[in-house]
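Trainee:
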Amino acid sequence: MRRPSVLAWLRLLRVGQKVDRDLVAQLRRWDLNLAQFDVLAHVGANAGITQQALADSLLVTKGNVAQLLSRMEGRGLVERRPEGRTNRLFLTGEGRRLFEDAVPAHEALIAERLSVLSPEEQRQFLELLRKLDRALD
């Protein structure tokens, strides 16, 4: 018989994959993938974030972020503003409109998918995930 920890991990992955599948389908409306959405959400919530800080928060390399930003700059969604040896990131007007449309819809879909849990269960779930996250650092 498998350990409860292994079964819980496998179930968490399965649930994550199901929610991700729905989110990916939703993001097609805006011609975004999950990585681009993450950039949009982070830059929209943290105007002026550095390229390195964005890479760190997304847990990717600076090179990966540079490629994403180049594509998003090409679409007119973000702009890099040099400041010394770093780049500060900002949404353009079009990026801001997309942020204001896509982020609430994204959060609403997540809330709907997790609504099977009561508000108290959602708080408990969050606390358990925080505890695991901190322990793994």
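Quick note on our numbering: the sequence shown kicks off at 137 and runs consecutively.
C-beta: ideal position from N, C-alpha, C; glycine also.
Owing to the predicted nature of the structure, the values given are computational and were not obtained by experimental measurement.
#1: Skipping 5 residues on each side, what residues in its chain have a beta carbon closer than 7 Å to that of glycine 212?
#2: Quick check on the burial criterion: 16 or more other C-beta atoms within 10 angstroms. Buried or exposed for valine 214?
#3: What is the DSSP secondary structure of arginine 216, counted as helix, strand or coil?
#4: I'd like to check one pair, arginine 217 with leucine 225: are the Cβ atoms closer than 9 Å?
#5: DSSP three-state label for arginine 224, please.
#6: Taking the alpha helix (DSSP H) that asparagine 169 falls in, what are its first and last residues?
#7: Rounded to a whole number of angstroms, what is the C-alpha to C-alpha distance between arginine 139 and serine 254?
#8: What does a CB cutoff of less than 7 Å around serine 193 pick up in its chain, not counting 5 residues either side in sequence?
#9: In this structure, what does DSSP give as the bridge partners for threonine 186?
#10: Where do the N-terminal and C-terminal ends of the alpha helix (DSSP H) with aspartate 273 fall, by residue?
#11: Does the count of Cβ pairs from the region 186-202 and the region 233-240 closer than 8 Å reach three?
Mentor: Walking through what the data contain:
#1: One-based indexing of the sequence shown puts residue 212 at position 76. Cβ within range, chain order: Thr228, Glu230.
#2: Locating residue 214 in the sequence shown gives position 78, where the first residue counts as 1. Buried is the call here.
#3: For the purposes of this step, residue 216 is taken as the residue at position 80 of the sequence shown. Reduced to three states, the DSSP call for arginine 216 is strand.
#4: In the sequence shown, the residue the question calls residue 225 occupies position 89. In the sequence shown, the residue the question calls residue 217 occupies position 81. Yes, the Cβ-Cβ distance between leucine 225 and arginine 217 is below 9 Å.
#5: In the sequence shown, the residue the question calls residue 224 occupies position 88. It is a strand residue.
#6: Stepping through the sequence shown from its first residue, residue 169 is reached at position 33. From DSSP, asparagine 169 is part of no alpha helix (DSSP H); its letter is neither H nor E.
#7: For this step, residue 139 is matched to residue 3 along the sequence shown. For this step, residue 254 is matched to residue 118 along the sequence shown. Whole-angstrom Cα-Cα distance: 26 Å.
#8: Start at 1 with the first residue of the sequence shown, and residue 193 comes out as number 57. Apart from sequence neighbours up to five positions away, the residues of its chain that approach serine 193 with a beta-carbon distance below 7 Å are His178, ordered along the chain.
#9: Looking up residue 186 in the sequence shown gives position 50. Partner(s): Arg224.
#10: Counted from its first residue, the sequence shown places residue 273 at position 137. No alpha helix (DSSP H) holds aspartate 273; DSSP gives it neither H nor E.
#11: For the pair of segments examined, the region 186-202 was found not to touch the region 233-240: the number of CB pairs separated by less than 8 Å stays below three.
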